Structure formats: C-alpha cells, structure tokens
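Colleague:
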Amino acid sequence: MDLSIFGFLVQDGLATGAVYVLLAVCLVMVFTVTRIVLVPQGEFVSFAALTLAGFEQRQRPGLAWILLIAGGIAFAMELYGAWRRRTRRGLAVAAFSFLALPAALSAAALAGNALPWAAQVLLTCAMVTTLGPILYRVAFQPMAMASPLYLLIAAIALHFVLVGSGLYLFGPEGVRTAAILDGSTEILAMPVAFQTLMIVAASLALNLVLFAFFGFTLLGKALRATAVNRRGAQLVGISPDYAGQVTFALAAAIGALSGILIGPVTTIYYDSGFILGLKGFVGAIIGGLAAYPAAALGALAVGLLEAFSSFWASAYKEVIVFTLIVPILLWRSYAHLTVDDDHE
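Every position in the sequence shown, counted from 1, becomes a number in the working numbering once 2 is added.
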C-alpha cells in the first residue's frame with residue numbers, strides 16, 4: 003500500500019464514517035428518550051436517496067403512498083382514542099400532522115419532477131421527516147410504556163414492513179443520485195473530492211447543531227429530561243408521547259440528510275438501509291447507547307475500518323466490521339457487572 007492508496011482509503015472511510023456518525027447519534031438519541039432501538043433508522047436513509055433519485059429520473063414518488071397510508075392509519079388511531087376519552091382535544095393537530103401535511107407533500111411530490119434540484123432536496127427531507135412522527139404514532143405510541151424487549155420486537159416488525167413497502171414502491175434496482183459537488187482539491191499533496199469534504203463538514207455541522215439544540219433550547223432540555231427520567235419528566239408536564247414524536251422527527255430528518263449525502267457515493271437499494279443502520283448501531287454500541295461522543299467516535303472508526311477492510315479483505319469486510327461488536331460487548335460485560343431492571 004503506497005501513500006496515495008492510503009489517502010484514498012482514509013477519504014472513503016471518513017466519508018462513510020461521517021454518515022455512520024449521524025446514524026449512531028440518532029440511535030443513541032432515540033434510545034435514551036424512548037428506550038426504542040430504532041432498527042428502521044436506515045430506512046429513512048434509503049427512502050430519502052430513492053425518493054430523490056426518483057425525482058431526478060422523473061418517476062412517480064413511491065414515498066407519497068407510504069405517507070398517505072400511514073398518515074391515515076395514525077389519524078384513525080387518534081379518532082379512536084378521542085372517542086374512548088370522550089374528547090376532541092388534539093384532533094385538529096392530528097388532522098394537520100397526519101392528514102393535511104402528508105397530503106400537501108404528496109401533492110407537491112407529483113410535481114416534483116419539474117422542481118429545481120434544491121427544491122427536490124427540501125421536498126424529500128420534508129417527506130421523510132413527516133414520516134417519522136407518523137411511524138411513532140402507529141407502531142410505538144400505543145405501547146410506549148412496554149419493556150424495551152417488546153419495543154425492539156415492534157421495531158423489527160416495522161423494519162420488515164418498510165422494507166417490503168420499499169421493494170413494492172421503489173423496485174429492486176439500485177440507484178445513485180447526482181453529485182452535490184463536482185471536482186476536487188489537494189490536501190497534503192493528495193486529491194480530495196469536494197463531495198467528501200461536504201459530507202464530513204455537513205456531519206460535523208449537524209452534530210454541533212444537535213449539541214446546541216440539546217444544550218440551549220427548552221425543547222432540547224425537555225428531551226434530555228425525558229431521557230434521564232421518563233416518570234419524573236411526565237410529572238413536571240413533559241408529555242412522553244410528544245417527546246417521542248419529536249425525537250422520531252429529528253431521527254427521520256437526520257436520516258433524510260444522511261441519504262442525500264451518501265446517495266452520490268454509493269448505490270442505494272430498497273434494503274440498503276438495514277446494513278447502513280447496523281453499522282451505525284455498531285458505533286452506538288461503542289458508546290453504550292448512551293454517550294454521544296463515544297458513539298460518534300465509534301461510528302467514525304467503523305467507517306475507517308470498513309474502508310481498509312475493503313482493501314485488504316474485501317470479501318470479509320462486513321464480517322470484520324460487525325465482529326467489532328464482540329470485544330466491545332465483552333469489555334462492557336466485565337466493566338459493568340450489575341444489571342438494572344426497568345420497573346416502569
């Protein structure tokens with residue numbers, strides 16, 4: 003391996019690792035606030051890339067059907083809940099969030115082929131972000147107080163539903179979106195693509211935005227309070243259902259941005275989200291599903307390990323990456339001998 007190959011591998015590892023950082027941070031955020039291991043996190047990534055590619059290829063937006071159907075189910079659940087409580091409180095907000103907004107975005111998506119590229123990106127992000135709270139309302143809110151094991155089973159079931167829907171609506175073909183930035187520059191006498199620099203910069207900027215959001219905004223502090231003590235947060239007036247929907251919206255938005263960033267550098271299929279999310283999960287495991295900086299560093303290490311494994315042993319790169327979980331879990335099992343039961 004010469005210096006030029008080493009440089010290209012580092013670039014590839016940093017680009018993919020920056021996306022894994024975003025996914026790992028999302029998994030940690032969702033788990034700490036809702037106790038849900040968000041297995042379908044990768045589907046937000048793949049759906050965003052596939053939707054944007056559909057706009058670029060002038061195809062019908064398959065995501066619009068998922069939005070409309072899931073939104074209709076969510077609103078029907080809200081209607082049933084209002085009937086049981088004998089109150090109409092919250093129905094107006096639910097009608098807007100689960101019916102009007104998905105319908106408006108779906109109508110805009112029908113004309114998405116004629117929109118400028120930047121508007122297509124914004125529309126894609128808006129559609130995927132709207133899907134997040136809808137999925138939480140349908141799949142997780144009715145069982146929000148269940149044990150993490152039941153929530154994990156629900157997350158796995160939702161993953162299979164979304165993958166099957168993706169196959170039906172987007173087809174089995176892989177796609178790549180158009181490069182956001184063309185060209186390259188030189189850093190330390192090595193060519194570095196502008197696309198790589200933009201991915202790393204976007205990941206860093208988004209992590210800084212999340213740090214400011216959780217540290218200095220009232221909503222961010224409410225989510226942190228829910229993560230620390232769900233029961234205590236509820237007693238002081240923080241709705242766990244609202245916290246869950248906001249968290250899923252953030253996770254979906256970050257997943258959409260990740261899909262737009264990674265779409266030009268790798269081929270995305272309807273089921274690519276699972277592998278992407280699983281690699282972000284490895285980084286989250288390094289952080290113990292609780293520590294954001296450790297999860298981010300772990301996800302970056304996963305990207306670099308994957309890049310160098312593809313050079314030395316490309317047939318075993320996935321095995322090498324996922325085997326990284328084993329020593330981490332062994333170390334944590336010896337470092338933390340006590341087990342806390344969740345009695346909520």
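Virtual Cβ for every residue (Gly too), placed ideally from N, Cα, C. Computed from a predicted model, the values in this text were never measured in an experiment.
Kindly provide the ranges of any beta strand (DSSP E) runs that are 3 or more residues long and lie completely inside the stretch 206 to 284, ordered along the chain.
Modeller: Runs found: none.
Colleague: Buried or exposed: which applies to I158, given that a residue is buried once 16 or more other Cβ atoms fall within 10 Å of its Cβ?
Modeller: Numbered from its first residue, the sequence shown carries residue 158 at position 156. When all chains shown are included, I158 counts as exposed.
Colleague: Using only the alpha-carbon positions, how far apart do G166 and L125 sit?
Modeller: Position 164 of the sequence shown holds residue 166. Position 123 of the sequence shown holds residue 125. In a straight line, the C-alpha of G166 is about 23 Å away from that of L125.
Colleague: Check S311 in the structure and name its three-state DSSP category.
Modeller: If you number the sequence shown from 1, residue 311 lands on position 309. S311: helix per DSSP, three-state reduction.
Colleague: Terminal residues of the continuous alpha helix (DSSP H) containing T187?
Modeller: Stepping through the sequence shown from its first residue, residue 187 is reached at position 185. It is not in any alpha helix (DSSP H) - T187 instead sits in the beta strand (DSSP E) that spans S186 to I189.
Colleague: Rounded to the nearest angstrom, how far is the Cβ of R139 from that of M79, given a contact under 8 Å?
Modeller: Working through the sequence shown from its first residue, we reach residue 139 at position 137. Working through the sequence shown from its first residue, we reach residue 79 at position 77. Yes, R139 and M79 are in contact; Cβ-Cβ is about 7 Å, under 8 Å.
Colleague: Would you call D14 buried or exposed, if buried means 16 or more other Cβ atoms sit within 10 Å of its Cβ?
Modeller: As a working note, residue 14 is residue 12 in the sequence shown. Answer is buried; the Cβ neighbour count reaches 16.
Colleague: To the nearest angstrom, report how far apart W119 and P104 are at their CA atoms.
Modeller: Your numbering for residue 119 matches position 117 in the sequence shown. Your numbering for residue 104 matches position 102 in the sequence shown. Rounded to the nearest angstrom, the two C-alpha atoms are 21 Å apart.
Colleague: Going by DSSP in three states, P193 sits in which element: helix, strand or coil?
Modeller: Reading the sequence shown from its first residue, position 191 is the one you call residue 193. Correct three-state label for P193: strand.
Colleague: Mind listing, in chain order, the continuous beta strand (DSSP E) runs of no fewer than 3 residues lying wholly within the stretch 123 to 180?
Modeller: Qualifying beta strand (DSSP E) stretches: none in this window.
Colleague: Can you give, in chain order, each stretch of the alpha helix (DSSP H) that sits fully within the stretch 29 to 77 and has at least 4 residues?
Modeller: The qualifying runs are 43 to 58.
Colleague: Tell me the DSSP secondary structure of P118 in three-state form.
Modeller: Reading the sequence shown from its first residue, position 116 is the one you call residue 118. Three-state DSSP puts P118 in coil, outside helix and strand.
Colleague: Would you mind working out which of L299, A253, K319 and V248 sits nearest Q43, comparing C-alpha positions?
Modeller: Working through the sequence shown from its first residue, we reach residue 43 at position 41. Of the candidates L299, A253, K319 and V248, the one whose C-alpha sits nearest the C-alpha of Q43 is A253.
Colleague: On the three-pair Cβ rule with 8 Å, is the stretch 17 to 31 touching the stretch 193 to 205?
Modeller: Yes, since at least three Cβ pairs between the stretch 17 to 31 and the stretch 193 to 205 fall closer than 8 Å, the two stretches touch.
Colleague: When you compare each of I288, L137, P135 and F172 to Q61 by their alpha carbons, which one comes out closest?
Modeller: Position 59 of the sequence shown, counted from the start, is the residue given in the question as residue 61. Residue F172 is the option with its Cα nearest to Q61.
Colleague: At a cut of 8 Å, does the stretch 46 to 60 reach the stretch 241 to 261 through at least three beta carbon pairs?
Modeller: The stretch 46 to 60 vs the stretch 241 to 261: in contact.
Colleague: Between the C-alpha atoms of A195 and F213, what's the straight-line distance to the nearest angstrom?
Modeller: By 1-based counting over the sequence shown, the position of residue 195 is 193. By 1-based counting over the sequence shown, the position of residue 213 is 211. Cα to Cα, A195 sits roughly 28 Å from F213.
Colleague: Measure from the alpha carbon of L40 to the alpha carbon of each residue in G300, D273 and G282, then state which is nearest.
Modeller: The count along the sequence shown starts at 1 and reaches residue 40 at position 38. Of G300, D273 and G282, the residue nearest in Cα terms is G282.
Colleague: For T179 versus P266, is the C-beta spacing smaller than 7 Å?
Modeller: Counted from its first residue, the sequence shown places residue 179 at position 177. Counted from its first residue, the sequence shown places residue 266 at position 264. Yes.
Colleague: Would the stretch 50 to 64 and the stretch 174 to 188 be scored as touching if the rule is three or more Cβ pairs under 8 Å?
Modeller: Yes, the stretch 50 to 64 touches the stretch 174 to 188.
Colleague: Residues in its own chain within less than 6 Å of C127 by CB, not counting five upstream and five downstream?
Modeller: By one-based count along the sequence shown, residue 127 stands at place 125. A258, listed in sequence order.
Colleague: Can the beta-carbon of A251 be found less than 7 Å from the beta-carbon of G134?
Modeller: Mapped onto the sequence shown, residue 251 falls at position 249. Mapped onto the sequence shown, residue 134 falls at position 132. For A251 and G134, yes; Cβs fall inside 7 Å.
Colleague: Below 8 Å on the Cβ atoms is my contact criterion, and I expect T228 with V95 to pass it. Report the Cβ-Cβ distance as a whole number of Å.
Modeller: Taking the first residue of the sequence shown as position 1, residue 228 is located at position 226. Taking the first residue of the sequence shown as position 1, residue 95 is located at position 93. Not a contact, Cβ separation roughly 20 Å.
Colleague: In whole angstroms, what is the alpha-carbon distance linking A109 and I71?
Modeller: Against the sequence shown, residue 109 aligns to sequence position 107. Against the sequence shown, residue 71 aligns to sequence position 69. Cα-Cα distance, rounded: 14 Å.
Colleague: Given a cut-off of 7 Å, decide if L220 and A245 are closer than it, judged by their beta-carbon atoms.
Modeller: Taking the sequence shown and counting its residues from 1, one reaches residue 245 at position 243. Taking the sequence shown and counting its residues from 1, one reaches residue 220 at position 218. The answer is no: Cβ separation not under 7 Å.
Colleague: Compute the distance between the beta-carbons of G73 and L29, then report whether it is under 7 Å.
Modeller: Mapped onto the sequence shown, residue 73 falls at position 71. Mapped onto the sequence shown, residue 29 falls at position 27. Not in contact: G73 and L29 (Cβ atoms no closer than 7 Å).
Colleague: Between which two residues does the alpha helix (DSSP H) harbouring L101 extend?
Modeller: For the purposes of this step, residue 101 is taken as residue 99 along the sequence shown, with counting starting at 1. Neither: L101 is in no alpha helix (DSSP H) and is coded neither H nor E.
Colleague: Count the other C-beta atoms from every protein chain shown that fall within 10 angstroms of the C-beta of M129, then say buried if there are 16 or more, exposed otherwise.
Modeller: Looking up residue 129 in the sequence shown gives position 127. Under this definition M129 is a buried residue.
Colleague: Given a threshold of 16 other Cβ atoms within 10 Å of its Cβ, counted over all protein chains shown, does F8 qualify as buried or as exposed?
Modeller: For the purposes of this step, residue 8 is taken as residue 6 along the sequence shown, with counting starting at 1. That one is exposed.
Colleague: Can you tell me whether DSSP reads I182 as helix, strand or coil?
Modeller: As a working note, residue 182 is residue 180 in the sequence shown. Looking at I182 - three-state DSSP - the assignment turns out to be coil, as it is neither helix nor strand.
Colleague: Which one of A296, I288, V32 and I270 has the shortest CA to CA distance from R334?
Modeller: The count along the sequence shown starts at 1 and reaches residue 334 at position 332. Ranking A296, I288, V32 and I270 by Cα distance to R334 puts I288 first.
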